[in-house]
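Chains as they are written, first to last, in our numbering: chain P, 1 to 299; chain U, 1 to 147.
Heads up, the beta-carbon is just placed ideally off N, CA and C, and yes, glycines get one too.
All of these numbers come straight from a predicted model, not from anything done at the bench.
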């Protein structure tokens, strides 16, 4: 690893404590060679209102998605993007952002698809940094471009396609959307279609664990024991399980993917980014409605 | 550039302003608009009940339309500081619709948000939030006229 891990004691219980850094650690390490801090938000302009000094911005809509096909950028585009942000293959990249690090986790997950080794989240995200009165600046950041190798995206280890989900039936699925989305209750007003799908409900057998339950009120991750109570005791996951998480377009579930993989130590966790906007609109996909998970279809 | 007779001058000016900029500067201009979103007038500050949430926007934004005795539309909007894009969208509409009559507001082309040249800079999905805001504004105008 390019930069030493954060030794903060409260991370020690997690399966991979090296994947988290504290706001204090970030403040102390700003400017360390080999470290790039990346802000990723839901709001495309929030970074411009003030960001951590030296942090670069990556926008999920305009930079991580392919502009035409519903997919992520390819290896070549990723190399160009990372290089332009001053990120080389061995750089330690610390992500942070708004909304409990929702979009930061998404950006981190996309980096993982390209096998970028040292990616970490700043626990508590933008809100905690701000809450603690740490410095924010509107000074423009102009990273020195570096070379980043063209790496083929790995779409099998951490990402699931619709067919993978079908083949996965019988093994645990986690639906991280809100309860209303899970049950299939309509939330949008007729005539004003939201970013939606043609059918409501959830993938049969999926357990409902809204993503933000993993976060404490101060936007940091809950301690391991509390996370285990949610994901193991309540949702029924067991050690060694092969898990797929999904939401609406795969953003909220990348947060849960991070929790399961790095905080709880599940080795085989995939994020189904097609998620409900694909499943709920595709023809003949099995759907369960109401508060019960329902049975996995026999294959 | 589309040209349509029904586009009120203020909105046309805003569109022109965006059109003259490159993508990055368009974002900066949108941020300026965000900073210009007027505070709610005193009399509406304690009346969340009057406001309608624009659920299509990812951030909480609320709008309220008032039609005065001269048939002029007044649009009020509120959105959190942490949602500058949404504030920018609201601000464009508040400024662009200021002083228009009910009919002029109803005649604003529904695709106005798509013609600002922001689709690429902020993504089509986000622009949908602004389209929804315009749609809901018009719907409130219609219900005020009917009342």
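1. Check each candidate in P:210, P:213, P:166 and P:263 and name the one with the smallest Cα separation from residue 18 of chain P.
2. Which residues in the same chain as residue 117 of chain U place their Cβ atom closer than 7 Å to its Cβ, once the five residues preceding and following it in sequence are excluded?
3. Against chain U, does residue 86 of chain P count as a neighbour if the rule is that its beta carbon must be under 9 Å from one of theirs?
4. Please report the straight-line C-alpha distance between residue 260 of chain P and residue 269 of chain P, rounded to a whole angstrom.
5. Quick one: any contact between the region 6-17 of chain U and the region 218-234 of chain P, if contact means 3 or more CB pairs under 8 Å?
6. Does the distance from the C-beta atom of residue 203 of chain P to that of residue 237 of chain P stay below 9 Å?
7. Do three or more CB pairs link the region 41-51 of chain P to the region 89-107 of chain P at distances below 8 Å?
8. Against chain U, with Cβ distances strictly below 9 Å, would residue 273 of chain P count as a contact?
9. Check for me: the alpha helix (DSSP H) holding residue 14 of chain U runs from which residue to which?
10. For residue 202 of chain P, which three-state DSSP category applies?
11. Quick check on the DSSP output: what are the complete alpha helix (DSSP H) runs of length 4 or more inside the region 81-157 of chain P, in order along the chain?
12. Between U:107, U:35 and U:64, which lies nearest to residue 45 of chain U when the distance is taken from Cα to Cα?
13. Using beta-carbon positions only, say whether residue 179 of chain P and residue 210 of chain P come within less than 9 Å of one another.
14. Give the C-beta separation of residue 30 of chain P and residue 54 of chain P to the nearest angstrom, bearing in mind that I take them to be a contact with Cβ-Cβ under 8 Å.
15. Give a yes or no on whether 9 Å exceeds the smallest Cβ distance from residue 218 of chain P to chain U.
16. Mind pulling the chain P residues with CB within less than 9 Å of residue 34 of chain U?
17. Residue 277 of chain P touches chain U at which residues, Cβ-Cβ below 7 Å?
18. Thinking C-alpha only, which one of P:132, P:145 and P:114 is nearest residue 56 of chain P?
19. Taking DSSP as the reference, what is the three-state secondary structure of residue 44 of chain P?
20. Under 9 Å, Cβ to Cβ, is there at least one residue of chain U near residue 145 of chain P?
21. Give me the DSSP bridge partner(s) of residue 16 of chain P.
22. Using only CA atoms, which one of P:148, P:72 and P:37 lies nearest to residue 274 of chain P?
23. Taking the alpha-carbon positions, what's the residue 91 of chain P to residue 105 of chain P distance?
24. Residues in the region 59-82 of chain P with C-beta within 7 Å of chain U's C-beta atoms, listed in sequence order?
25. At the 9 Å Cβ level, is residue 139 of chain P part of the contact set with chain U, yes or no?
26. If distances are taken between C-alpha atoms only, which option among P:127, P:59 and P:78 comes closest to residue 23 of chain P?
27. So, is residue 96 of chain U buried or exposed, given that buried needs 16 or more other C-beta atoms within 10 angstroms?
28. Quick check on residue 120 of chain U - is its C-beta less than 9 Å from some C-beta in chain P?
29. The alpha helix (DSSP H) spanning residue 102 of chain U covers which residue range?
30. Alpha carbon to alpha carbon, how far is residue 38 of chain P from residue 2 of chain U? Give it in angstroms, no decimals.
31. Whose CA, out of U:123, U:42, U:70 and U:103, lies closest to the CA of residue 140 of chain U?
32. Where does residue 45 of chain U fall in DSSP's three states?
33. Just checking, does the region 141-160 of chain P make contact with the region 109-121 of chain P on the three C-beta pairs under 8 Å criterion?
34. Compute the beta-carbon to beta-carbon distance between residue 301 of chain P and residue 297 of chain P, rounded to the nearest angstrom, for a pair I have assumed lies under 8 Å.
35. Please say whether residue 87 of chain P and residue 148 of chain P have beta carbons closer to each other than 9 Å?
36. Does any residue of chain P bring its CB to less than 9 Å from the CB of residue 81 of chain U?
So, to answer that:
1. Ranking the options by Cα distance to residue 18 of chain P, first place goes to P:263.
2. Same-chain partners within the cutoff: 18, 19 and 26.
3. No, residue 86 of chain P does not count as interfacial toward chain U.
4. When rounded, the distance between both Cα atoms is 7 Å.
5. Contact fails between the region 6-17 of chain U and the region 218-234 of chain P, because fewer than three Cβ pairs, one in each stretch, are under 8 Å apart.
6. Against a cut-off of 9 Å, the Cβ pair of residue 237 of chain P and residue 203 of chain P comes out as no contact.
7. Yes, the region 41-51 of chain P is in contact with the region 89-107 of chain P.
8. No, residue 273 of chain P does not count as interfacial toward chain U.
9. Element bounds for residue 14 of chain U: 9-19.
10. Under the three-state reduction of DSSP, residue 202 of chain P is assigned to strand.
11. Taken in chain order, the unbroken stretches of alpha helix (DSSP H) that lie wholly in the region 81-157 of chain P and span 4 residues or more are 102-113 and 125-131.
12. Considering only alpha carbons, the answer is U:64.
13. Between residue 179 of chain P and residue 210 of chain P, the C-beta gap is smaller than 9 Å, which places the two residues in contact.
14. Taking the Cβ atoms as the reference, residue 30 of chain P lies roughly 6 Å from residue 54 of chain P, within the contact range of under 8 Å.
15. Not a single CB atom of chain U sits nearer than 9 Å to the CB of residue 218 of chain P.
16. Here the neighbours are 45 and 49.
17. Among the residues of chain U, none has a CB under 7 Å from the CB of residue 277 of chain P; the nearest is roughly 11 Å distant.
18. Comparing Cα positions, the closest option is P:145.
19. Here residue 44 of chain P sits in coil by DSSP.
20. Closer than 9 Å: no.
21. Answer is none; residue 16 of chain P lacks a bridge partner.
22. Per the Cα distances, P:72.
23. Each residue's Cα considered, the two are about 17 Å apart.
24. Correct list: 61 and 62.
25. For residue 139 of chain P, no CB of chain U lies under 9 Å from its own CB, so it is not counted at the interface with that chain.
26. Selected option, being the one with the closest Cα: P:127.
27. By the neighbour-count rule (16 or more Cβ atoms within 10 Å), residue 96 of chain U is buried.
28. Closer than 9 Å to some Cβ of chain P, the Cβ of residue 120 of chain U qualifies, so yes.
29. Annotation: the continuous alpha helix (DSSP H) that includes residue 102 of chain U extends over 102-107.
30. Because residue 2 of chain U sits at a pLDDT of 49, beneath the cut-off of 50, its placement in the model cannot be relied upon, and the following sentence gives the value as read from the coordinates. In a straight line, the C-alpha of residue 2 of chain U is about 38 Å away from that of residue 38 of chain P.
31. Its Cα nearest to that of residue 140 of chain U, the residue U:103 stands out among U:123, U:42, U:70 and U:103.
32. Here residue 45 of chain U sits in helix by DSSP.
33. Touching, yes.
34. What the structure shows of chain P is the stretch from 1 to 299, and residue 301 of chain P is not part of that stretch, so it cannot be assessed.
35. Taking 9 Å as the Cβ cut-off, residue 148 of chain P and residue 87 of chain P qualify as a contacting pair.
36. Residue contact check for residue 81 of chain U against chain P: a CB pair falls below 9 Å.
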